[in-house]
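J.:
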């Protein structure tokens with residue numbers, strides 16, 4: 004075990020200490036020793052299975068391949084609705100034709116000459132037409148699997164694991180297991196027991212919402228990093244599993260259990276109502292379960308799920324709401340971040356030394372400084388520049404959600420100067436997984452309060468604690484990744500990036516084809532995707548990594564405006580970084 008691996012291992016203990024410093028009750032008698040020890044051990048076992056045993060990695064790769072087929076299916080549906088230009092067939096990406104700038108003899112990289120006098124600009128990854136339809140498809144698919152009873156079997160298995168090893172209450176074990184695959188919907192699995200839950204149980208359930216990523220959003224993260232991190236999907240799935248014990252142990256430290264939960268005896272059965280002693284709550288639960296078939300609403304109209312097709316349709320419609328919510332939150336949050344950055348930019352122009360100060364003090368750097376001690380605990384690096392850049396990327400999630408930081412991570416991983424090592428890419432990928440950002444507070448607190456209005460006050464108070472726990476939990480699973488990452492097995496852990504296709508020279512064939520220039524490299528300033536903000540962090544020296552090939556720009560603007568669109572098969576550019 005190297006020094007960085009040891010730092011990551013001690014970082015797990017350090018994160019527990021931070022949670023204890025902010026605990027509601029620091030008396031030794033309430034410290035959850037069994038939950039903490041079992042939670043850490045469970046994470047280490049899962050990490051060892053993922054990183055050290057080839058069979059587990061092979062299983063994850065097979066699982067990733069199966070899920071990639073699901074992503075392809077989502078693209079197929081979106082392609083029918085939006086067309087091949089916006090959702091292209093792999094290897095047949097369209098090119099925008101832009102005339103050469105006046106007086107220019109060649110196209111500006113990364114564009115290439117397609118036909119005489121015109122440059123081909125790759126359209127790139129359009130978030131609204133690629134990522135959001137995948138959310139809709141996944142939501143419908145998960146609802147279908149729940150209707151068929153497949154998801155219940157999986158969640159019950161994990162619930163029994165968490166209950167037997169950590170001795171949690173049955174309800175929070177079941178809800179936490181459901182959080183591996185869904186988001187706030189996991190609370191619905193234990194809806195009959197929410198009103199009678201203790202504060203510690205409610206905090207644990209909310210923390211699992213913040214610390215994990217719903218399966219419907221995995222497509223977004225995978226699309227960004229897959230060109231440089233082909234095995235990212237399997238690692239995100241393992242991160243969601245490891246995050247559950249991390250959330251449980253940290254939440255039990257922050258809000259210790261001081262009473263006996265109603266479901267302390269085992270995993271609850273949906274068909275059995277537990278009398279909490281409150282007649283009003285009991286009557287409400289009986290009213291919710293008076294029918295054999297659960298009632299749902301579409302556009303305010305009550306319906307009954309009676310078939311798998313109904314379940315899939317209702318799930319897809321729920322996915323539409325989720326996709327619209329994601330787009331709305333991104334527009335709002337990134338717009339606010341832009342205004343704040345503009346304010347810092349204006350302050351940077353002030354004279355008398357004020358401008359020099361605000362040239363360095365930006366929102367991204369403030370968040371980077373705030374998260375720097377926590378980033379050090381993950382053991383991401385001992386080199387300052389790499390450590391600082393990692394801290395800035397991780398810190399940005401708090402305000403900007405995880406989507407722009409994942410975009411920035413993909414760009415940094417593809418840069419030819421290699422500012423981030425493979426170890427850093429892996430650890431940051433784990434640290435960014437989850438919904439631990441400000442935008443989720445309203446979603447999770449509001450959604451849970453709607454299920455149990457009588458506990459609205461408790462949920463509002465616990466929401467911020469759960470956000471804190473979710474942040475620490477994602478950093479803890481990043482520590483687990485750091486513990487088991489060893490130099491030399493990078494390809495088996497991250498996967499080998501696919502080399503871009505090289506088109507023949509236009510002079511070699513009569514058919515027009517794109518001809519990328521050797522200088523087509525990705526830089527954060529020229530190719531930053533919409534919504535992402537580059538940090539003014541220094542560039543670190545090159546670090547030993549897998550051989551990386553710079554990809555095409557995910558968004559390139561023509562000099563003179565595009566005048567047409569051309570479909571080439573296969574396209575000559577490297578895969579988009581998305």
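Numbering (the numbering used here), first residue to last: 4 to 581. Quick reminder that beta carbons are idealized off the backbone N, C-alpha and C, glycines included.
Does residue 392 get closer than 8 Å to chain C when you measure Cβ to Cβ?
T.: Looking for chain C here will not work: only one protein chain is present.
J.: In chain order, what are the residue ranges of uninterrupted alpha helix (DSSP H) at least 4 long that sit wholly in the segment 132-220?
T.: If you keep only unbroken alpha helix (DSSP H) runs of at least 4 residues inside the segment 132-220, you get 153-169, 173-181, 194-197, 202-214.
J.: Between residue 140 and residue 242, is the Cβ-Cβ spacing less than 8 Å?
T.: In this structure, residue 140 keeps its C-beta atom at 8 Å or more from the C-beta atom of residue 242.
J.: If I measure Cβ to Cβ from residue 401 and keep anything under 7 Å in the same chain, skipping five residues before and after, which residues do I get?
T.: Apart from sequence neighbours up to five positions away, the residues of its chain that approach residue 401 with a beta-carbon distance below 7 Å are 370, 440, 441, ordered along the chain.
J.: Give me the Cα-Cα distance between residue 1 and residue 92, rounded to the nearest whole angstrom.
T.: In the structure displayed, the chain extends from 4 to 581; residue 1 sits before or after that span and is not available.
J.: Skipping 5 residues on each side, what residues in its chain have a beta carbon closer than 6 Å to that of residue 326?
T.: 135, 138, 139
J.: Between residue 155 and residue 149, what straight-line distance do the alpha-carbon atoms span, to the nearest angstrom?
T.: 6 Å
J.: May I have the straight-line CA-CA distance separating residue 534 from residue 333, to the nearest angstrom?
T.: Here the model assigns residue 534 a pLDDT of 39, short of 50, so the residue's position is not dependable and the matter cannot be decided.
J.: Looking at residue 38 and residue 200, is the spacing between their C-beta atoms short of 8 Å?
T.: no
J.: Hey, is the segment 317-324 in contact with the segment 388-403, meaning 3+ C-beta pairs nearer than 8 Å?
T.: no
J.: Looking at the secondary structure, which residues open and close the alpha helix (DSSP H) in which residue 446 lies?
T.: Judged by DSSP secondary structure, residue 446 falls within the alpha helix (DSSP H) whose first and last residues are 441-454.
J.: Rounding to the nearest angstrom, what Cα-Cα distance links residue 267 and residue 223 in this structure?
T.: 37 Å
J.: Using only the alpha-carbon positions, how far apart do residue 86 and residue 356 sit?
T.: The straight-line gap from Cα to Cα measures roughly 53 Å.
J.: Is the segment 205-215 touching the segment 46-61, taking contact as three or more C-beta pairs under 8 Å?
T.: no
J.: So which of 314, 346, 69, 179 has the shortest CA-CA distance to residue 151?
T.: 314
J.: With DSSP run on the structure shown, which of helix, strand or coil describes residue 126?
T.: coil
J.: Go to residue 248, then tell me how far its alpha helix (DSSP H) extends in each direction, as first and last residue.
T.: 235-257
J.: Quick one: Cα of residue 189 to Cα of residue 349, how far?
T.: Distance between the alpha carbons of residue 189 and residue 349: 44 Å.
J.: If you draw a straight line from the alpha carbon of residue 461 to that of residue 181, how long is it in whole angstroms?
T.: 22 Å
J.: Tell me residue 118's beta-bridge partners as DSSP assigns them.
T.: 121
J.: Sort 269, 331, 422 by Cα distance to residue 162 and report the nearest one.
T.: 269
J.: In chain order, which alpha helix (DSSP H) runs of at least 4 residues are fully inside the segment 57-89?
T.: 57-85
J.: Would you grab the beta carbon distance between residue 147 and residue 122 for me? Rounded to a whole angstrom, and I think it's under 8 Å.
T.: Not quite, the Cβ-Cβ distance comes to about 45 Å (not below 8 Å), so this is no contact.
J.: Kindly indicate the opening and closing residues of the alpha helix (DSSP H) around residue 229.
T.: It is not in any alpha helix (DSSP H) - residue 229 carries neither H nor E in the DSSP assignment.
J.: If contact is defined by three or more beta carbon pairs under 8 Å, each pair taking one atom from either stretch, is the segment 461-478 in contact with the segment 245-262?
T.: yes
J.: Among residues of its own chain, excluding the 5 on either side of residue 408, which ones have a beta-carbon nearer than 6 Å to its beta-carbon?
T.: Cβ within range, chain order: 396, 399, 400, 435.
J.: Would you decide whether residue 61 is buried or exposed? Buried here means 16 or more other CB atoms lie within 10 Å of its CB.
T.: exposed
J.: Thinking C-beta only, is residue 71 closer than 8 Å to residue 236?
T.: yes
J.: What is the rounded straight-line gap between the Cα of residue 380 and the Cα of residue 386?
T.: 14 Å
J.: How would you label residue 447, buried or exposed, when you count the other beta carbons within 10 angstroms and need 16 or more for buried?
T.: buried
J.: Cutting at 8 Å between CB atoms, please list the residues of its own chain near residue 444, excluding the five before and the five after it.
T.: 466, 467, 470
J.: Helix, strand or coil for residue 583? Go by DSSP, reduced to three states.
T.: Nothing about residue 583 can be reported from this structure: the residues present for the chain run from 4 to 581 only.
J.: Does DSSP put residue 360 in a helix, in a strand, or in coil?
T.: helix
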